[in-house]
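If you read the sequences in order, they're chains U and V. According to the working numbering, numbering within the first sequence proceeds without interruption in unit steps and concludes at 469. According to the working numbering, numbering within the second sequence proceeds without interruption in unit steps and concludes at 1498.
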Amino acid sequence: MLRYLTGLLLLLLAGCTAGVNPLPDPREMSFAPLDFSFPEVARESLDNGMELYLLPDDELPLIDITVMIGGGSIDVSEEKTGLGGVYAATWRSGGAGERTPDQVDSELDLRAMNLGINTDNYTSSLHLSLRKEDLPFALTLLRDLLLTPGFDADRMEIVRKQAIEAVRRRDDNPGSTAGRVLRAALYPNHPLGRVSSAETLNAIEREDLLAFHRRHVHPDNLLLGISGDFSPVDLGDQLESLFGAWSKGRSERQEIPPLTPSQAPAVHVADRELTQTTIFLGDRGIEKGNPDQYPLRVMNYILGGGSFNSRLMREIRSNRGLAYSVYSQVQIGRRLPGMILLGGETKSGSTLEVVGLMRQEMEKLRADPVPEQELALAKESLINSFVFAFDQRHEVVSRAMRLDFFDYPPNYLEQFRENIASVTAADVQQVAKVYLRPEMQTVVLVGQEQDFDAPPATLGLPVTEVSRE
Amino acid sequence: MNDLKKLACRLAGGIFLVVFCCSPVGAATLAEKVREHTLENGLKLLVVERHGSPTFSAYITIGVGSVDETAETRGVAHLLEHMLFKGTKRLGTKDYAAEKPLLEKIAAVGAQIDELKVMPDADPEKLAMLRQRLAELQEQHKQYVVKDEFSRIYGENGGVGYNAFTSKDLTSYLISLPSNKLELWAAVEADRMQNAVLREFYTEREVIREERRRSYDTRPAGKLYETLIANAFTAHPYRNPIIGWDSDIDNLTLEETRDFLRRYYAPINTVIALVGDVSFDQAVRVVENSFGGISPGTKVPPVAVIEPEPAGNKRVDVEFDAEPQVSIAFHKPTLPERDDYVFDLIDQILTGGRSSRLYRALVLEQQLATSVSTYGAPGGRYPNLFVISAVPRYPHTAKEVEVAIEAELGKLGREPVTDEEMTRAVNRLRTDHLRQMRANSGLARSLTYFQTVAGDWRYLAEYVQVMESISADEIRDAVRRYLVDGKRTVAVLTKKEM
């Protein structure tokens, strides 16, 4: 009440005292502590090893289901690169059980139900979004998709042709070219760095899709998560009757092909008729077991992960007007080291200047400890925004599944904020010295070379021209 | 492509990268959940309490966009949106009183340069000297600037999604915060509305030129879209790119930008939505305290231009170093006209899901295209366009795809759609409405969008009911009236021979 009166009084004053700002100063406000607890995801399992993650919530009459399967692009051989994507798309569109592909499409559309399947490096995921009244139908369809998928041959051909068309179009956008070139340089001869071609896509046979499915889709190699308006008791019974008789598979652990050394650092130039250059600087970083991830997260916020609060944004965009988008990313790999990269776009005539500024910001982080205030901002932002990791119900469920699947420690989330809070300026400098090594980074420039402000060779690295495919 | 109804799909120009589409949301329950309060100065507050997570999303939407610009000020709504991230008399500065004279000097030199640089007989030496002088002043100015202080304050208080975007129709400022920070949000935003200082103007103009290169000049889909819209309209300002053409941006002045701010950024043109873990009473109190003292301002006047009837088909080629794409646009009415609802059904029947007509015909049966989508563009306040876009699959050509689309439109105009198609479309719209309500920020966006563009957020709440009343005959009639030869604009992206 007192606050209310004070507010009114100040407003009245403002009416007659020009120049006095009646608003409280946001830099000096204090707040009641935020009360929050982790939403509890219930974990259960069927006798055949199928793990269930349940988070009921009846605010809206909707349900989301995700199935996560231990099989991804990492399991695909070089000569069939692209199989992961063809598998997922054909599984999605190829019919299920007694239903033809057209029947599946039409039954889904009639119920406004969304079905999506995709394959990433280590896993494949199936997602269903539905109205609560369609749960029995959705579960039956899910059983058919998992146990008796159609992989219709005609639909597979359509998927293959679409994938080949995507190969033809992958240089249409400069960002797509730059990303591909960087991955290929950092992960040579490895599934993480490979891209499909018409040849590898044409080498995929329907039997390969069936074999991939047989190998990976078992009740003890998948997790099923569900959130929304359902009754957990009824669901348990339904799942038991639909999936209880599904027998376990051979429990073979996913084999992760070891990385080969990255290509020697170089500048890769894709010469294109463009007014703006897309820039990537990248190196391999860490995987999730590495304790450096916390100082690296803080370092990344300060370097280029913290949007307007980051140094790349401040120096390159805000102070100099040289870019709209400029950022850094520390991708913490699930099984193998992910990339640490800096990226952005600038007009052709400031290309090398921006690369130089990116390098300068890395050098500063290596040379000097970050000021206390900047460190505090990065840590507070990461800690105080943590609550947003829980504001989408289904994301809470799928995160719980991911953390379990990739063997994160059981208290990972609980300790996340403490782990960030304990990062010091010395820690940040230490990881910057280890992981930000400009002379070891691969540089990719997609743009009009003749208009660059300096020759790429001035970066002190060998220059490679990226040919058009 | 996504299956939602798409309005003003390409919101060119956020302050920071983000892409999304505006979709109407609604449900039987929506009307009960939204509470509204209008301040005496005209500012409209909409609140939805949801206590599932200790967070809230805040949208401030000003009902002014690029459609309200003149030929001299193309791009100013978006430039101003960027400038409003630069602080106020209190935030973003070490000492505004000391900074102010320097800002005035910078503005004077900047204006001199802008005036001189377009003169054919401009003395290059004088220009160089002025530019040197500007650079020196800008360097001096740095001593007063506290960089990106809004962003720092929101960041350390746990804010996420701090951003803004400009569309043809409106400009929105958004943030999501932990729920104990409502008063912080109000203090920052009310200060921004009243006391904004447009510092670092000339640098920001360059940022926007980079944004333009990134979103339009180097992206085939962006270029094609911009060209389609610029050609589909002859007179109406919907034809102009939100971000402006490159020379527009380069010639926008600080004075024009300030003028746009003074003229339109006022409570009478403002809608605020707060969605999440807030209480209505507290929200009203906080918003009254912070925004209640601002004078109402004047309403944005309606655009008087009426697009003339097209004299025939228009066709334009876009040469680009990329594989072909095709877009076809037809003029149509906008909300709240009944035919606009009819077009939401047509949208679903043509491309909503894999059993839709165009997906089946082009992608599955004839296999001419890898994808096909339909959407409304480029805005919603004035009569707009129904657009069909497709990606041909080699060796099939854009022409073949165009012919196949025409054939499907012809069929839609001859035979009424089936009951099953109608059920599918209505179910889809109804369910997608529910889906859009799941995220606080999505709901806040929809509420301010429809309050601003339709004049009342209840458009959303009543949407599905209107949809259910539309007949198959109405669809056929609309197709015959609007999706016809002689009224279309076709833009084709063709591969430039290198």
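For glycine and all other residues, C-beta sits at the position ideal for the given N, C-alpha and C.
Residue i - DSSP class collapsed to helix/strand/coil
| i | result |
| --- | --- |
| Ser1057 (chain V) | strand |
| Ala454 (chain U) | coil |
| Thr1418 (chain V) | coil |
| Arg1209 (chain V) | helix |
| Phe36 (chain U) | coil |
| Gln329 (chain U) | strand |
| Met1193 (chain V) | helix |
| Pro1383 (chain V) | coil |
| Thr1298 (chain V) | coil |
| Ile340 (chain U) | strand |
| Tyr324 (chain U) | coil |
| Gly1442 (chain V) | helix |
| Asp271 (chain U) | strand |
Closest by C-alpha distance to residue i, when choosing among the options
| i | options | result |
| --- | --- | --- |
| Leu382 (chain U) | U:Gly349, U:Gly306, U:Arg334 and U:Glu414 | U:Gly306 |
| Phe1150 (chain V) | V:Ala1390, V:Lys1314, V:Val1426 and V:Gly1092 | V:Gly1092 |
| Tyr946 (chain V) | V:Glu1139, V:Val1047, V:Ala1472 and V:Ala1077 | Outside the displayed span of chain V (1001 to 1498) sits residue 946 (chain V), for which this structure offers no information. |
| Gly1034 (chain V) | V:Thr1448, V:Val1479 and V:Met1467 | One point to set straight first is that residue 1034 (chain V) is Val, not Gly, in the sequence displayed. Answer by Cα proximity: V:Thr1448. |
| Asn189 (chain U) | U:Leu375, U:Ile74 and U:Phe38 | U:Ile74 |
| Val1109 (chain V) | V:Leu1254, V:Thr1171 and V:Gly1087 | V:Leu1254 |
| Ile1208 (chain V) | U:Gly321, U:Ala421 and U:Gly344 | U:Gly321 |
| Lys974 (chain V) | V:Thr1374, V:Arg1476, V:Ala1283 and V:Ala1398 | Residue 974 (chain V) is absent from the structure shown; chain V starts at 1001 and stops at 1498. |
| Asn173 (chain U) | V:Lys1223, V:Leu1137 and V:Val1492 | V:Lys1223 |
| Leu141 (chain U) | U:Asp171, U:Glu107, U:Val167 and U:Glu157 | U:Glu107 |
| Val32 (chain U) | V:Arg1213, V:Asn1157, V:Thr1038 and V:Asp1281 | The sequence shown places Ala at residue 32 (chain U), not Val. Checking every option, the nearest Cα to that of Ala32 (chain U) belongs to V:Asn1157. |
Residues bridged to residue i (per DSSP)
| i | result |
| --- | --- |
| Ala1491 (chain V) | V:Val1316 and V:Ser1327 |
| Ile1388 (chain V) | V:Ile1328 and V:Thr1374 |
| Ile63 (chain U) | U:Leu130 and U:Gly228 |
| Glu51 (chain U) | U:Ser45 and U:Leu223 |
| Glu165 (chain U) | None; Glu165 (chain U) has no bridge partner. |
| Met68 (chain U) | U:Ser125 and U:Leu223 |
| Tyr1173 (chain V) | V:Ile1060 and V:Ala1164 |
8 Å Cβ cutoff, residue i in contact with chain V
| i | result |
| --- | --- |
| Tyr324 (chain U) | yes |
| Val387 (chain U) | yes |
| Glu205 (chain U) | no |
| Gly343 (chain U) | no |
| Phe390 (chain U) | yes |
| Glu51 (chain U) | no |
| Asp229 (chain U) | no |
| Ser318 (chain U) | yes |
| Tyr271 (chain U) | What sits at residue 271 (chain U) in the sequence shown is Asp, not Tyr. Asp271 (chain U) does not count as touching chain V. |
| Gly460 (chain U) | no |
| Pro24 (chain U) | yes |
| Ile226 (chain U) | no |
| Lys433 (chain U) | no |
| Asn309 (chain U) | yes |
| Tyr4 (chain U) | Residue confidence is low: Tyr4 (chain U) scores 36 on pLDDT, short of 50, so the model does not pin down where it sits. Its coordinate-derived value is still stated next. Yes - at least one Cβ of chain V is within 8 Å of the one on Tyr4 (chain U). |
Minimum Cβ-Cβ distance from residue i to chain U less than 8 Å
| i | result |
| --- | --- |
| Thr1253 (chain V) | no |
| Ala1283 (chain V) | no |
| Glu1497 (chain V) | no |
| Pro1220 (chain V) | yes |
| Met1119 (chain V) | no |
| Met1437 (chain V) | yes |
| Asp1476 (chain V) | It should be pointed out that residue 1476 (chain V) corresponds to Arg in this sequence rather than to Asp. Answer no: the Cβ-Cβ gap between Arg1476 (chain V) and chain U never drops below 8 Å. |
| Glu1156 (chain V) | yes |
Any non-hydrogen atom of the ligand ZN within 7 Å of residue i CB
| i | result |
| --- | --- |
| Ser227 (chain U) | With respect to small molecules bound, the structure shown includes none, and the ligand ZN cannot be examined in it. |
Residues within the region 60-80 of chain U neighbouring chain V, beta-carbon criterion of under 8 Å: So the close ones are Leu60, Pro61 and Leu62.
Against chain U: residues of the region 1460-1473 of chain V by CB proximity under 9 Å: From the region 1460-1473 of chain V, no residue has a Cβ closer than 9 Å to chain U.
Chain U contacts made by the region 1326-1349 of chain V, where a contact means CB separation under 7 Å: So the list is empty, because no residue satisfies the distance condition.
Within 8 Å of chain U by C-beta, residues of the region 1065-1085 of chain V in sequence order: The residues in question are Phe1085.
Interface residues of the region 175-192 of chain U facing chain V [CB-CB below 7 Å]: Taking 7 Å as the Cβ-Cβ cut-off against chain V, none of the residues of the region 175-192 of chain U qualify.
Near-chain U residues of the region 1300-1312 of chain V (beta-carbon distance less than 9 Å), N- to C-terminal order: Cβ contacts with chain U come from no residue of the region 1300-1312 of chain V.
Within 9 Å of chain V by C-beta, residues of the region 109-132 of chain U in sequence order: When C-beta distances to chain V are compared with 9 Å, the residues of the region 109-132 of chain U below that value are Asp109, Leu110, Arg111, Ala112, Met113, Asn114, Ser129, Leu130 and Arg131, in chain order.
Residues in the region 1361-1384 of chain V having any Cβ partner in chain U nearer than 7 Å: Using a CB distance below 7 Å, the part of the region 1361-1384 of chain V facing chain U consists of Leu1364, Gln1367 and Thr1370, ordered along the chain.
Interfacial residues, the region 1086-1120 of chain V to chain U, with Cβ spacing under 8 Å: Contacts with chain U (Cβ-Cβ distance below 8 Å) from the region 1086-1120 of chain V involve Lys1089, Arg1090 and Leu1091, listed in chain order.
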